[in-house]
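K.L.:
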Ligand code: G3H
Ligand code: ZN
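In the working numbering, the protein residues as written are 25 to 332.
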């Protein structure tokens, strides 16, 4: 089916207490692995490309790859810009046909973040495209952050309410204890803070960034309390590169790149399937491509099977 907007699927997830997986891709094999997994799990999916991915693949290639993958699937696929750090990048992606944007002004002072988020929302909304914003800041593990720095960068519930009123953003990335690019799953989220933010802006889907480093139980508690989009990148990249390293070690004389790369694609697919089941979005899409209604009971079923 054609690419869809993230607006309705995120609201559906919020209302039904599950989350949509938003998976980062940089190349054809990652796009294929992600969309095949969503297709097999009957899950709506957000395929997101970062500014780095756009620099690597080129905007037209990145857009084309996701558009083709979506056209071959019969589950909803969103093409989302991840961490667009300026207005111009958002406009370029809007023009290229992205169906969901992110303006990340988290490094800017509050007023500047508000001003640019508002501008991006105004133009994107003119053509029906939703915008994710970020308030507080999800830090990078590569910067060697301390627990005190993570705490200091967390989203303030009162500010979140004011921010949404001033900007009109459709969803909000919140900083609540996760850190980008962690290689092991050990972080715990501040669930009370997520609850407090959700209470202030109950109709705005919250977004969890840096989920690769967060314990599964914490992710599930966040989903129960207003998180409707969960971003995953590092965990997929680890699977992709480990599988290729293993293939090279097992077949040191192999020169056919397909034999090396396809195990990477399979690994991405398996990891996306695991996350989709964890987030409760498996089985949400019916045979006609629509979303099934009713509160989803995922927690106990998926906690048991989830690898910690
Ligand atoms: O925007 C992307 C995500 O927040 C991914 O974070 O690499 O820690 O999974 P991660
Ligand atoms: Zn992120």
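All residues carry an ideal CB built from backbone N, CA and C; glycine is no exception.
Quick caveat, the model's predicted, so the values are computed rather than measured.
(1) Rounded to whole angstroms, what's the CA-CA distance from residue 96 to residue 111? Just pull it up for me.
(2) Which residues share a DSSP beta bridge with residue 126?
(3) Go ahead and label residue 89 buried or exposed: buried means 16 or more other beta carbons lie within 10 angstroms of its beta carbon, across all protein chains shown.
(4) Please determine, among 137, 284, 185, the residue with the shortest C-alpha to C-alpha distance to residue 270.
(5) If distances are taken between C-alpha atoms only, which option among 190, 208, 173, 265 comes closest to residue 200?
(6) Flag this pair as yes or no: are the beta carbons of residue 213 and residue 195 separated by less than 8 angstroms?
(7) Under 8 angstroms by Cβ, that's how I've got residue 49 and residue 73 pegged, so tell me the actual separation to the nearest angstrom.
(8) Can you tell me where the alpha helix (DSSP H) holding residue 246 begins and where it ends?
(9) Quick one: complete alpha helix (DSSP H) runs, 4+ long, within the stretch 50–89?
(10) When we look at the beta-carbon of residue 76 and count the other beta-carbons within 10 Å, is it buried (16 or more) or exposed?
(11) Quickly, what does DSSP pair residue 164 with across the bridge? List them, please.
(12) Relative to the ligand ZN, is the shortest distance from any of its heavy atoms to the C-beta of residue 162 smaller than 7 angstroms?
(13) In terms of residue numbering, what span does the beta strand (DSSP E) encompassing residue 45 cover?
(14) Which residues does DSSP pair with residue 195 in a beta bridge?
(15) What does DSSP give as the partner residues of residue 105 in its beta bridges?
(16) Span of the beta strand (DSSP E) holding residue 256?
(17) Alpha carbon to alpha carbon, how far is residue 205 from residue 312? Give it in angstroms, no decimals.
(18) Could you tell me if the beta carbon of residue 51 falls within a distance shorter than 7 angstroms of some heavy atom in the ligand ZN?
(19) Let's see if you can read the secondary structure: which residues bound the alpha helix (DSSP H) around residue 144?
(20) Evaluate the contact criterion for the stretch 232–239 versus the stretch 178–196: three or more CB pairs, one atom per stretch, below 8 angstroms.
(21) Helix, strand or coil: how does DSSP classify residue 211 here?
(22) Give the single residue among 255, 109, 149 whose Cα lies nearest to the Cα of residue 136.
(23) Assuming contact is defined by CB atoms lying nearer than 8 angstroms, are residue 60 and residue 293 in contact in what I supplied?
(24) What separation, rounded to the nearest whole angstrom, lies between the Cα atoms of residue 324 and residue 301?
P.N.:
Reading it off the structure:
(1) Indexing the chain shown from 1 puts residue 96 at position 72. Indexing the chain shown from 1 puts residue 111 at position 87. When rounded, the separation of the alpha-carbon atoms in residue 96 and residue 111 is 31 angstroms.
(2) Taking the first residue of the chain shown as 1, we reach residue 126 at position 102. DSSP output for residue 126 lists 156 as bridge partner(s).
(3) Here the question's residue 89 lines up with position 65 in the chain shown. Under this definition residue 89 is a buried residue.
(4) By 1-based counting over the chain shown, the position of residue 270 is 246. Of 137, 284, 185, the residue nearest in Cα terms is 284.
(5) For the purposes of this step, residue 200 is identified with residue 176 of the chain shown, where counting begins at 1. Comparing Cα positions, the closest option is 173.
(6) Translated into the one-based positions of the chain shown, residue 213 becomes position 189. Translated into the one-based positions of the chain shown, residue 195 becomes position 171. No, Cβ-Cβ distance for residue 213 and residue 195 is not below 8 angstroms.
(7) Here residue 49 is taken as the residue at index 25 of the chain shown, counted from 1. Here residue 73 is taken as the residue at index 49 of the chain shown, counted from 1. Sure, about 6 angstroms apart at Cβ, within 8 angstroms.
(8) Translated into the one-based positions of the chain shown, residue 246 becomes position 222. 240–248 is the extent of the alpha helix (DSSP H) around residue 246.
(9) 52–65, 75–81
(10) On the chain shown, position 52 is the one that residue 76 refers to. So residue 76 counts as exposed.
(11) Position 140 of the chain shown holds residue 164. Looking at the DSSP assignment, residue 164 forms a beta bridge with 204.
(12) Taking the first residue of the chain shown as 1, we reach residue 162 at position 138. Result yes, Cβ under 7 angstroms from the ligand ZN.
(13) As a working mapping, residue 45 is identified with position 21 in the chain shown. That run of the beta strand (DSSP E) goes 44–48.
(14) Taking the first residue of the chain shown as position 1, residue 195 is located at position 171. According to DSSP, residue 195 bridges with 156.
(15) Here residue 105 corresponds to residue number 81 of the chain shown, with the count starting at 1. BP columns for residue 105 point to 73.
(16) Residue 256 sits at position 232 when you count from the first residue of the chain shown. Segment 251–256, the beta strand (DSSP E) holding residue 256.
(17) Here residue 312 refers to the residue found at position 288 when the chain shown is read from its first residue. Here residue 205 refers to the residue found at position 181 when the chain shown is read from its first residue. Straight-line Cα distance between these residues: approximately 37 angstroms.
(18) As a working note, residue 51 is residue 27 in the chain shown. Outside the cutoff, so no.
(19) Numbered from its first residue, the chain shown carries residue 144 at position 120. The continuous alpha helix (DSSP H) containing residue 144 extends over residues 134–150.
(20) no
(21) Residue 211 sits at position 187 when you count from the first residue of the chain shown. Here residue 211 sits in strand by DSSP.
(22) The residue given as residue 136 occupies position 112 in the chain shown. Measuring from the Cα of residue 136, the nearest candidate turns out to be 109.
(23) For the purposes of this step, residue 60 is taken as residue 36 along the chain shown, with counting starting at 1. For the purposes of this step, residue 293 is taken as residue 269 along the chain shown, with counting starting at 1. Going by C-beta atoms, residue 60 is nearer than 8 angstroms to residue 293.
(24) As a working note, residue 324 is residue 300 in the chain shown. As a working note, residue 301 is residue 277 in the chain shown. For residue 324, the predicted structure reports a pLDDT of 44, less than 50, and the residue's modelled location is therefore unreliable. A value from the coordinates is still provided. Using only the alpha carbons, I get a separation of about 12 angstroms.
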